[in-house]
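If you read the sequences in order, they're chains F and R.
Reminder that position 543 of the first sequence reads as 543 in this note's numbering, one-by-one numbering, no gaps.
For any residue, its number in this note's numbering is found by taking its place in the second sequence, counting from 1, and adding 1000.
The beta-carbon is built from N, C-alpha and C at its ideal position, and this holds for glycine as well.
The structure appears right after this line, and notes come after that.
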Amino acid sequence: MDIEDDTTVFSTLKSFKSFISLPDTSRNQGEPAPVQSHVLQNQYLQRLQLLEAAEKVQSKTQLIQMDQEKRQMEISHKRARIELEKNATLSARDFEREVDRNQDLLGRIRRLEEREAESSQSLSEKAEANRALHRTLESLNRRVEERDGWLNTSNQTVSGLKDEIRDLKQQVQTRDNTISNQTLENQGLQEQVELQHRKYQEVSQRCQALQLASSTCSDHELKIKELERKLALQEQDVVIVKNMRSEVARVPDMDKELRQLREENVYLRETRENVILLKEETEGLRRKVERMEKMKEEMVNVELEKEKLSQKLQAWENLGQSTGLNIRTPEDLSREVIQIQQREIAVKQHNYTLTSSCRSVERSKADLQGELLSLRSKSLEEQKKRETQESLVRRLQKRVLLLTKERDGMRAILESYDSELSSSDYTPQLSRRLREAEDVLTKTQNHNTEMEVLLTKAQEEAGALKLQVQTMELELEVMKKQQDEGNPLATNEEVNTLRLKIEELEGERQRLEEQNNVLELRLERHNLQGDYNPVKTKVLHFSLNPTSMAKQQRVEEVEALRAEVECLRERLRSLQTGGAIPLAAAAGETSLSLPPSQEVLDLRKQMETAELKNQRLKEVFQRKIQEFRTVCYVLTGYQIDITTENQYRLTSVYAEHMDDSLLFKSSGGAVGSGGSMQLMETDFSRTLREMVDLHLHHQKSIPAFLSAVTLDLFSRQTTV
Amino acid sequence: MTSTLKGITLKGSAELVAEFFSFGINSILYQRGLYPPETFSRVAQYDMSLQLTTDTKLKNYLTNVVSQLKEWLFDCTVQKLVLVITCLETSEVLERWQFDIECDKSAKEISAPREKSIKSIQDEIRSVIRQITATVTFLPLLETACAFDLLVYTDKDLEVPDKWEESGPQIIDQSEEVRLRSFTTSIHKVNSMVAYKRADSA
């Protein structure tokens, strides 16, 4: 800072000095007098300004210094604060630790206090326990004393019991005596029992012996039977033996016969073998004979063949003589034949070569003729060209002559004119004549050229025509020559017709080719689609194929569905019309009835129960009513029937006739609710007029009347 | 399989072709959804996995037809085998899978086996079956219930065996046809093609 200060001071000093030096220079330079004072003033002012600036600078530096000090103070302050804060935190932590320790100690103190309290409590409790124990001890002492008392009493009882025991022992002894007596008796009885046992055993043994004996007896009987059977068999055998003896007696005879038969057998066998051999021989001989006969026939045939062959041979041998060749053996013949064949082959080859050479010659001839034609045509063309050129040459020569003549004429005219140049009188006339002559010349020249052109054209045409004519003549000559040679070629007309035919045929062929292509495409298409030629192929398939089976199934399904639908429709109709009857009818159809729903089943059940209830109620009512009616009849003596609405007919038990009945009618609603009952006139009621008057008219009581009637009828019955 | 070491005989060729038809028909039935896919089981054949039906009735039918076809292939009397798919409701033919069989009859007289490796034949068959699977992508969907039938085009003078009967060719009305690959065993050549009913036609 101070350095800066110095520097600033320096700078200001420097500037000051520089400024001071300035007026010297300015003085040296320019020196106006009034300017000096101004200059000084200015210098003063400048110095002041500089001082002010220096002061400012100083103050600024001081400010900066102050700022820096302030920052440093702040930094130090911060550091102090940080340190203080650290200390504060450390002290806080220490404080906290102290606090914690304090709390721990407080806690411990509390716990110790609690333990003290607990121990005091336990002490008190133990004191109480002690007292309790003392009390129990006292109680136990009391009990001991009581038990001692009991013991005494029990001792007394014990002694009493002992006395009783003695008594009992005595009784026991007496009983023992009796027992011993009884045992003695028992023993005696047992001995008797044993005796009896022994007897029983003896008896049983005897029984067994008897049984054995009986079994042996039965065995013996069986044996006897067997022996009897054997006897019978033996008797039979004896009989047989007797028979056998007679037969046996025949045995030696039989032996002899046997021997004889054996010998005969052997002899016969030998003869049989001989016979077989002989048969074989005969067969062999027969076969030989057959063979010999066949051989004979064959021989005959062979001889015939031999004769034929010999004849053939002679003929073959004579061939040689007949043909004149040197043939004796077939080898010569074959040789001759081979030679002939070879000659033939050679001749044929020669023939072929000749024909081929002929054809080649013909071809060459044709070629040469063609060449000839071409050459002739060429020559003609050359001739024509030559002629045209000659004509051109002639024309040109003529033209040249004309031109030379013109030139000579012109020259003469020019010479004449040149000679007559000086005189200018005839110039217009001469010029006119010149012009006329020139016009005439040009006209003639044009005419000339036109004529020449026409000429050339005509000559060309003529040349062409000549060419054609000559070519045609050549062809004609050629054709004539060919016709003369005799080759089978057609004339021009035939050629033309053939050409036309060829063209037509070519057109048809193309059309047919197109048609063929189209048809082939169609055939391919049809083949792809699956067509076939019914003449050559047929289509087979397996009878039980999936399509037919699926179709059948479908048809069956459809049928089944239709039937179901019909059935359902009928049911619907019947259900709509209503009633349980169709249900029963539907129940009769077993296959297609729909399974009834749960509601329907429940309703049916309910219905059935209700019906049952109804029926039962009806039965009960019937019974009750019947009972009531009978009771009424029995007790009151009247049977009450309801004939029609509100009309009741009463018949008495004691009625004399079945028709005797009283008719009552109720009017005015139901009987119980205040409607009156009136008696109607019947035959029977007429007989009871007095009672009617009395009971109904006077007393107005129907029960009295009815009871009077019963009494009356009863009295009548009993009397009668 | 046939004896492969020495070449292809007529009998071996007939067996190969019959086997191809058996697997091909099963593939078509699976791909076209004519039977539910759960009735098919996977088997390995021609180095690829193919579907074979497990339905017994269908199996019996196919074995009957294929065994008869094998005999006819041996006699060289069969010309075509056609699998026809018909709609059950309208009884219309919706699809026709046709296999043309060209038989070299000289193999009947000359019994010498021919030089062609089994592997190349199997490769060709594999490409045919792959193509059949691929054609399903452009064939119209079979929405209605359908059933199939197998027709065999034979020579006219052939004796009709038991359980077989004559039938019509069952050609599709307004069809589109696509020609597929062919394979040959050097004795039998089988060309395959499919014809289907155009979708816009009623």
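Compute the Euclidean distance between the alpha carbons of residue i and residue j, then round it to the nearest angstrom.
i	j	result
I502(F)	V1093(R)	51 Å
V248(F)	E235(F)	19 Å
Q1045(R)	N516(F)	44 Å
T136(F)	R166(F)	44 Å
A213(F)	L231(F)	26 Å
C1146(R)	V1065(R)	20 Å
K17(F)	L50(F)	11 Å
Q171(F)	T178(F)	11 Å
E31(F)	Q58(F)	Residue placement at E31(F) is poorly supported in this model, since its pLDDT is 47, which falls under 50; the coordinates still yield a value, given next. Taking the straight line joining both Cα atoms gives about 37 Å.
L1083(R)	K1108(R)	28 Å
A704(F)	T710(F)	10 Å
S591(F)	G1012(R)	Any answer about S591(F) is weak, because its pLDDT of 45 lies below 50 and its placement is not dependable; what the coordinates show is given next. If I take the Cα positions, the gap works out to 56 Å.
A1018(R)	N533(F)	24 Å
M691(F)	F621(F)	36 Å
E520(F)	Q342(F)	54 Å
Between the options, which has its C-alpha nearest residue i's C-alpha?
i	options	result
V495(F)	G507(F), R509(F), M479(F)	M479(F)
M1193(R)	T1185(R), S1120(R), I1101(R)	I1101(R)
L1150(R)	V539(F), T719(F), R79(F), A464(F)	V539(F)
I702(F)	S334(F), L662(F), F714(F)	L662(F)
L373(F)	V337(F), E477(F), A610(F), A437(F)	E477(F)
I1008(R)	K1119(R), E1095(R), D1055(R)	K1119(R)
Q1051(R)	I1132(R), L1062(R), E1071(R), F1023(R)	F1023(R)
L402(F)	C567(F), Q445(F), L380(F), D367(F)	Q445(F)
K1197(R)	Q1170(R), K1105(R), S1013(R)	Q1170(R)
S666(F)	Y654(F), E645(F), H657(F)	E645(F)
T1185(R)	I1121(R), Q1031(R), I1085(R), R1096(R)	I1121(R)
Q678(F)	L696(F), E690(F), F684(F), Q68(F)	L696(F)
Q459(F)	Q383(F), V565(F), T282(F), P252(F)	Q383(F)
Q721(F)	Q349(F), T719(F), T471(F)	Outside the modelled stretch of chain F, which goes from 1 to 720, sits residue 721(F), for which no answer is possible.
Y1030(R)	L1016(R), S1049(R), K1080(R), Q1068(R)	S1049(R)
Around the Cβ of residue i, are there at least 16 other Cβ atoms within 10 angstroms (buried) or fewer (exposed)?
i	result
W150(F)	exposed
V1078(R)	buried
T1154(R)	buried
M549(F)	exposed
L687(F)	Looking at the sequence provided, one finds Thr at residue 687(F) rather than Leu. With fewer than 16 Cβ atoms within 10 Å of its Cβ, T687(F) is classed as exposed.
F628(F)	exposed
Q29(F)	With a pLDDT of 46 at Q29(F), under the threshold of 50, the predicted position of this residue should be treated as unreliable, though the coordinate-derived value follows. When all chains shown are included, Q29(F) counts as exposed.
Y44(F)	exposed
C1076(R)	buried
M1(F)	Residue placement at M1(F) cannot be trusted, given a pLDDT of 45 that sits under 50; the coordinates are not used to answer.
P1113(R)	buried
G637(F)	buried
N545(F)	buried
N1191(R)	buried
S334(F)	exposed
K398(F)	exposed
L210(F)	exposed
A315(F)	exposed
Y352(F)	exposed
F1020(R)	buried
I1129(R)	buried
G530(F)	buried
Beta strand (DSSP E) runs contained entirely in the region 1083 to 1129 of chain R, provided each spans 3 or more residues: 1093 to 1103
Using Cβ-Cβ distances below 8 Å, what residues of the region 1159 to 1186 of chain R are close to chain F? V1160, K1163, W1164, E1165, E1166, S1167, G1168, P1169, Q1170, I1171, I1172, S1175, E1177, R1179
Interfacial residues, the region 518 to 544 of chain F to chain R, with Cβ spacing under 8 Å: R525, N527, L528, Q529, G530, D531, Y532, P534, V535, K536, T537, K538, V539, L540, H541, F542, S543, L544
Name the residues in the region 1093 to 1109 of chain R whose C-beta lies less than 9 Å from a C-beta of chain F; which are they? R1096, Q1098, D1100
Name, going along the chain, the residues of the region 349 to 376 of chain F whose beta-carbon falls closer than 8 Å to a beta-carbon of chain R. none
Residues from the region 1070 to 1086 of chain R in contact with chain F, defined by Cβ distance under 8 Å: Q1079, K1080, V1082, V1084, T1086
Contact set between the region 1020 to 1054 of chain R and chain F, restricted to residues whose Cβ is under 8 Å from the partner: none
Just by C-beta distance, which residues in the region 1141 to 1158 of chain R are closer than 7 Å to chain F? A1147, F1148, D1149, L1150, L1151, V1152, Y1153, T1154, D1155, K1156
Would you mind listing the beta strand (DSSP E) stretches within the region 516 to 576 of chain F that are 3+ residues and don't spill past its ends, in chain order? 537 to 542
Along the region 565 to 581 of chain F, where does the CB come closer than 7 Å to a CB of chain R? Name the residues. none
Entirely enclosed beta strand (DSSP E) segments - the region 1122 to 1196 of chain R, minimum 3 residues: 1146 to 1155, 1164 to 1166, 1175 to 1184
Tell me which residues of the region 552 to 563 of chain F have at least one Cβ-Cβ distance to chain R shorter than 8 Å, keeping chain order. R554
Given a limit of 8 Å on CB to CB distance, which residues of the region 1119 to 1133 of chain R reach chain F? none
Unbroken beta strand (DSSP E) runs of length 3 or more, entirely within the region 195 to 272 of chain F: which are they? none
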